[in-house]
Structure formats: structure tokens, C-alpha cells
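Residue numbers for the sequence shown follow our numbering, so the first one is 166 and each next one is one higher. A quick write-up on the structure given underneath.
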Amino acid sequence: MIETFKNEVKKGLEANPKTLPSKYFYDKKGDALFVEIMNLPEYYLTRSELDIFKNKTQQLIQTFDLKKDTYFELIELGAGDGLKTKELLKKLDSQNFKFDYFPIDISANALHLLKEDLNTAIPNLSVKTQQGDYFEVLDSLKESKKPKVILFLGSNIGNMTDDLASEFIYKLGANLLAGDKLLLGVDLIKSEEIVLPAYNDSKGITAAFNINLLDRINRELKSDFNLNNFKHQPEYDEKDGVAKSFIISTVEQSVEVKTIGKTYHFAKGEKIHTEISRKYNDELIEKIIENTDFSIENKIMDSKGYFADYVLIR
Ligand code: AVJ
166 MIETFKNEVK KGLEANPKTL PSKYFYDKKG DALFVEIMNL PEYYLTRSEL DIFKNKTQQL
226 IQTFDLKKDT YFELIELGAG DGLKTKELLK KLDSQNFKFD YFPIDISANA LHLLKEDLNT
286 AIPNLSVKTQ QGDYFEVLDS LKESKKPKVI LFLGSNIGNM TDDLASEFIY KLGANLLAGD
346 KLLLGVDLIK SEEIVLPAYN DSKGITAAFN INLLDRINRE LKSDFNLNNF KHQPEYDEKD
406 GVAKSFIIST VEQSVEVKTI GKTYHFAKGE KIHTEISRKY NDELIEKIIE NTDFSIENKI
466 MDSKGYFADY VLIR
């Protein structure tokens, strides 16, 4: 684990331009900062998708095309705090659908908290938490042959390049049977005035979230990044619909990473690319699923048209 982290940081800092993988944002501090981000007025993504789950639940359920006398499995990739999913779970439960809910997450702690919360909120719901890698868990769930609905929400897919997203969705399909569904939540392409502030909030939480990656490297790989000499910088180009986050070196400086055994030089103004947050439209989604086993069954948007949950059918 630490070995992979070390190798990926080494590769990124030796690349030109420099990069660091966004998946390493989520240590304990990063998780807490992301919770704060989700509550920011500028970060419309979570509220938009919650609007769908609160107000278009019946549409979602209808598109899943479930039978009340057949057990099915509702599987969530990266469950987090389950805020949005709870709306769906409550409706399914009250309409007497028969199903197990399998939240998958890398964080055992997050799963524990989610289970406690759901046991109180929806006492007769069957919650089967699954800690680990998405594909390992899906592979183990393949056996049951029960109809499946997979949830991949929050525009989490947006951290992947389109090629990686295609490959990811293809692999999901390989673990499913004909008729199974994938509910894919994605942020839609819209103007810079709306998107950019979501990645550059006035309280500086997103900046802290981005810079925390250097702090994590300091702690875990014994480096001496001076956090005062780096700043957060988001960019968004409405034409291609990609938001990018960078860390900028505000001075010329050298940083030693002891665990790697190397010193890295930064020019004044040099950028480290840390994240892409892709925004989508129908054309892009169609292109991404083109060589997978899925097709679009429905698209459900929030009242402002900011965000979409695509229901894909295998
Ligand atoms: C969790 C990947 C959906 O890209 O919008 C939030 C992460 N990064 N603010 C996103 C994030 C900066 C978020 N996702």
C-alpha cells in the first residue's frame, strides 16, 4: 500500500509536467474536508443529485423495472455517508420491494457508521456492508445470479479520463447479467460561472483539500513540502467540459522526499496537476459506453438541469 503510494508519487513528481493522483486525497483529513466540500454553497453537485433522489425517486424506481416478488441486489460503489441513497432505500422499503443493500467502500469506518445510521432510519432493511476493492466484491457477488442495480453516484467517474471510464464501465458489465442496471450519476457541462466556484470556494476548503495531498506526502513519505509555498488553482474549460485542479509552486524551491530518496526542484509558478473533474453530456456518455455492454435506458435530471443520473441497462 505505502509502496504503491511511494511509486506513484515518484512517477508523478518525475513526470513533465508534474502530476499527483487524486485518489490519494482521501486520508482521514481529506475525508473530513470532502464532507465539508459537500456542504459548501458553491459545491452544487451533491445538492443537485440529492434533489433527484428526493423528488424523482419514483422515476428511478420505474426505470429499474423491478418485480415485487423477486429478490434483487442494490450495490453501491463508494457509499460514503449514504445521504442520497437513503432517500431511495426508504421508498423501496415502504413499497415492499425485496432486496439486500450492499454498500462497498474502502473505508471500514465509513461502512460501520453507514450501517448504524441505516439500522436506525430503516430498521427492516438488509444492509450487507462490503469492505474492499469494487471489482473483487462484485466478483464475489456474481454467484447469486439475482438481478442487480449498481449505483455509482456523485460524478465520481469524473476523476477518470474518458478511456479509463469506458474501461471501468466495461468491467462492471463483465460482472453483470443481461437486464441488470447501472445508475451513473454525472455532473453536466455548464458555464464557468457555475463550475469554477465549486472548485474554488470562498472559504478555501477546496484549496485545503488539494494542498492536503502535499501534507500527506510529508507525513507518509517523510518529505519537507513547505505548504506556505504552494497554492491551489482550479481551471475549467467549458468547451471540453473538464475542470482541473493544480497545485502551484509560488517560489523556486527544492523538496526532499526521504522515503523516495530524491529531491525535486520546482520553478516559480510550476504546476502539479492533481485532479480532473469531468463534466458530461449525452454525446460523451454515449461515446464512453459505446464499446461496453450497456445502453442508455433513461436520464433523470435535477430541477436546474445541473446534474444527471443515467440509468444504463446491460
Ligand atoms: C468526489 C470526484 C466527485 O471531482 O467534484 C471535490 C472531488 N474535488 N472538490 C469532484 C472534488 C474537489 C469530487 N468527486
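The C-beta atom is built at its ideal place from N, Cα and C for all residues, glycine as well.
Taking only three categories from DSSP, how would you classify residue i?
| i | result |
| --- | --- |
| E462 | strand |
| Y191 | coil |
| D304 | helix |
| Q223 | helix |
| T326 | coil |
| K263 | coil |
| A373 | helix |
| I454 | helix |
Please tell me whether, using a cut-off of 7 Å, the distance from the CB of residue i to the nearest non-hydrogen atom of the ligand AVJ is below it.
| i | result |
| --- | --- |
| L361 | no |
| T250 | no |
| L210 | yes |
| I202 | yes |
| S305 | no |
| G319 | yes |
| Y364 | yes |
| G406 | no |
Between the options, which lies nearest to residue i when the distance is taken from Cα to Cα?
| i | options | result |
| --- | --- | --- |
| D328 | F390, T457, D298 | T457 |
| D270 | K256, G243, K263 | G243 |
| S331 | T184, I454, M466, F190 | I454 |
| V351 | F472, Y299, T169, A180 | F472 |
| Y189 | N365, L378, A180, T228 | L378 |
| D481 | D447, K255, K233, S305 | Look at the range of the chain in this structure, 166 to 479, and you will see that residue 481 is not part of it. |
Excluding the five sequence neighbours on either side, which residues of its own chain have a C-beta within less than 8 Å of the C-beta of residue i, listed in chain order?
| i | result |
| --- | --- |
| F333 | I322, M325 |
| D258 | I287, N289, L290 |
| G426 | none |
Got a sec? Which residues, its chain only, sit under 6 Å from residue i by beta carbon, not counting five neighbours each side?
| i | result |
| --- | --- |
| F431 | S414, Q418 |
| D467 | S213, D216, I217 |
Which residues in the same chain have their Cβ closer than 7 Å to the Cβ of residue i, if we skip the five residues on either side of it in sequence?
| i | result |
| --- | --- |
| E358 | none |
| N167 | Per the sequence shown, the amino acid found at residue 167 is Ile instead of Asn. E385. |
| S274 | Inspection of the sequence shows that residue 274 is occupied by Asn rather than by Ser. Answer for N274: no residue qualifies. |
Looking at the ligand HEM, does it come within less than 7 Å of residue i, judged from the CB to the closest heavy atom?
| i | result |
| --- | --- |
| T371 | In the structure on display, the ligand HEM does not appear, and the ligands it does have are the ligand AVJ. |
Determine, for residue i, whether the minimum Cβ-Cβ distance to residues of chain B falls below 8 Å.
| i | result |
| --- | --- |
| Y475 | This model lacks chain B altogether, as it is built from one protein chain only. |
According to the Cβ coordinates, are residue i and residue j closer than 8 Å?
| i | j | result |
| --- | --- | --- |
| L316 | I412 | no |
| I437 | V407 | no |
| Q435 | T428 | Residue 435 is actually Glu in this sequence, not Gln. No, the Cβ-Cβ distance between E435 and T428 is not below 8 Å. |
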